[in-house]
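Since the structure comes first, as structure tokens, the remarks are kept for the end.
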RNA sequence: UGGGGUGUCGCCAAGCGGCAAGGCACCAGGUUUUGAUCCUGGCAUUCGGAGGUUCGAAUCCUCCCACCCCAGCCA
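In my numbering, the protein residues as written are -16 to 536.
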């Protein structure tokens, strides 16, 4: 895709490391905790980590940071692996698990204790908080801080053996309770958890914290550049402290970049879960969700998501990225690759009075206006057709480029027609339009020089098929729904989903395969639903509308 | 009032002492059997603010301001 690595501060660092010989081969890693579904923010992290490795001839690992058994499960590890693969990336070797290093971590904890750099603390959570101090006040030493090495070793072994209740004791590093960086105030290394772990079962009753695990995981795997988001910046001194005090096999370095915050959406796991739990959306992969599986179901091409991640760059500043940029990337990809078809969402029947009853004329139409390689499709034309009700007016000004009584419009890929008459029901609603074709207008302009006002799409009444079409709009009607705590639910767009039960599609569209993407001409991009679509019962999801610059109605 | 960060066009973002890239959005034209695409042009005398250094500053120095992160036995 890209021949030159994107210019950003991380690439600059890597280039220097490679040039100086500090690093021979770049190794990065994408380290999600398997406690939820991946979202657009993770896509950015994936793009950064895999992208940097790829651009520099290195490797990238997929590693599950599974240090907290209570919230994790294999349904998430499986979903995450699928998402990463779908995005188009392949990790180096086997999937890694922090949990497979548990014994090593424990040995290192013993090492720390032996060196006098860690101790078992009996303070409970509330007491520990109190001793920790505040942002502006230093903390105080735990009364258990000066236990002997022997006692600490004994207590740690018994913690591991499961002798103590959850919360009864923890293992802490002995650093500095007066440090202005709260992470350095004797951070917790191990806590007691009796929960079963999805990988290690009941083997362990103590589990390492993120801080005591992450840098060592990187060191074990030979990760050279450990890239995370800005909120971990304060943890870097601790990350380095462990590497300084442990006999680790390599020396990784941590770098941080600014998290991706797209407008009109939320990315906090808690809030996404709330949307699912409260039934605001249909599930984690609802097409309106910013999850990778949601975007996939919505029809966003993986390549467009990757392109978007490249477009926005990688920096240390935090800001809100306009979703218009994501939308641009999606349209750019789909415009290039999606086959065209016609679908009438709001049907209005047109009878071509001069056209023979029962005649079916098979017209050919290109699948793509400027990609001959995609070939043609057959397009049956008949006396009765459907057009969209929005494409007809009894009268209109010159700017209305659709069908108007007494004037002409081109039927896309077919004839120019002229509307003659409107048929109404008892209530006065228009139920049908009578029109006639203009002779010899297949691929030709009318011989009399009277040009049609515009071009509209259509579907044959007898040859067309019906489909369910799900129309999606933004889930939120506020650019920053994430602000505030629960206020985000007040910004839900009540019209984020509307379903057209019986739209009319041209027959060629019924052959669609799940996840196949199309442009329904003049309407937008649509995808055959990954789960619900079938040839017998076609179901399409609206991915995104066409860019619309029509100003006057 | 502790520590760590960030501030360049509406949004994202290059730039790293030599005279403000690019993309998105927007606006104006052209082409067009999709009001799409495509093409052309426009869009920061100014870089959070104020001082200073220098022939020359978005880039260096000083002070100030705004915003973000940190007080889970979460990651």
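Using N, Cα and C, we set each Cβ at its ideal position, and we do this for glycine too.
Being a predicted model, the structure only gives us computed values, none of them experimental.
Nearest-angstrom Cβ-Cβ length linking residue 298 and residue 9, presumed shorter than 8 Å: About 20 Å separates the two Cβ atoms, so there is no contact after all.
Status (buried if at least 16 other CB within 10 Å, exposed otherwise) for residue -3: buried
Under the three-state DSSP convention, the category residue 182 falls into: coil
In chain order, each beta strand (DSSP E) run of at least 3 residues that lies wholly inside the segment 315 to 343: 322 to 324, 330 to 335
Proximity to residue 210 [Cα-Cα], best of -8, 464, 472, 449: -8
Same chain, Cβ closer than 7 Å to residue 310, neighbours up to 5 away in sequence not counted: 527
Spatial distance of residue 273 from residue 505 (CA atoms): 26 Å
DSSP-derived helix/strand/coil call for residue 499: coil
Residues of its chain near residue 0, where Cβ-Cβ distance is below 6 Å and the 5 sequence neighbours each way are ignored: 6
Burial state of residue 514 (16 or more Cβ within 10 Å): exposed
Coil, strand or helix - residue 471 by DSSP: helix
Those residues which DSSP pairs with residue 237 across a bridge: 209
Which of helix, strand or coil DSSP assigns to residue 192: coil
Counted within 10 angstroms of its Cβ, other Cβ atoms place residue 156 as buried (16 or more) or exposed: buried
Local Cβ density within 10 Å of residue 117, reported as buried at 16 or more and exposed below that: exposed
Segment limits, alpha helix (DSSP H) that includes residue 252: 252 to 260
Sequence-distant residues of the same chain with beta carbon closer than 8 Å to residue 196, five excluded per side: 48, 50, 81, 84, 88
Backbone CA spacing between residue 532 and residue 396 [nearest angstrom]: 23 Å
Nearest candidate by alpha-carbon position, reference residue 29, set 524, 75, 304, 289: 289
Runs of beta strand (DSSP E) wholly within the segment 386 to 443 (minimum 3 residues, chain order): 391 to 394, 399 to 407, 413 to 420, 441 to 443
Any 3 or more C-beta pairs closer than 8 Å across the segment 291 to 308 and the segment 379 to 395: no
Residue burial classification, residue -15 (beta-carbon count within 10 angstroms, cutoff 16): Unreliable positioning characterises residue -15 in this predicted model, as indicated by a pLDDT of 37, which lies under 50. A coordinate reading is not provided.
DSSP state of residue 187 mapped onto helix, strand, coil: coil
Cβ separation of residue 401 and residue 416, assumed to be a contact under 8 Å, to the nearest whole Å: The pair is not a contact, with the Cβ atoms about 11 Å apart (cut-off 8 Å).
Proximity to residue 452 [Cα-Cα], best of 399, 466, 444, 510: 510
Residue 425, buried or exposed, once every other Cβ within 10 Å from all chains shown has been counted against 16: exposed
Beta strand (DSSP E) segment containing residue 487, residue limits: 480 to 488
Other residues of its chain near residue 24: CB distance less than 7 Å, five sequence neighbours each side excluded: 242, 243, 250
Minimum C-alpha distance to residue 60 - residue among 95, 286, 13, 33: 13
Residue range of the unbroken beta strand (DSSP E) whose run includes residue 11: 10 to 13
Inter-residue CB distance, residue 460 and residue 474 (contact presumed, cutoff 8 Å): 6 Å
Cβ-based neighbour list, residue 399, same chain, cut-off 6 Å, excluding 5 preceding and 5 following: 391, 393, 421, 424, 429, 435
Nearest-angstrom beta carbon gap, residue 367 and residue 445 [assumed within contact, 8 Å]: 7 Å
Contact between the segment 170 to 178 and the segment 126 to 136 (3+ Cβ pairs under 8 Å): no
Residue closest to residue 205, alpha-carbon to alpha-carbon, out of 304, 470, 11, 139: 11
Distance cut-off 6 Å: residue 452 Cβ against heavy atoms of the ligand FAD: What this structure holds is no ligand at all, so the ligand FAD is not there to describe.
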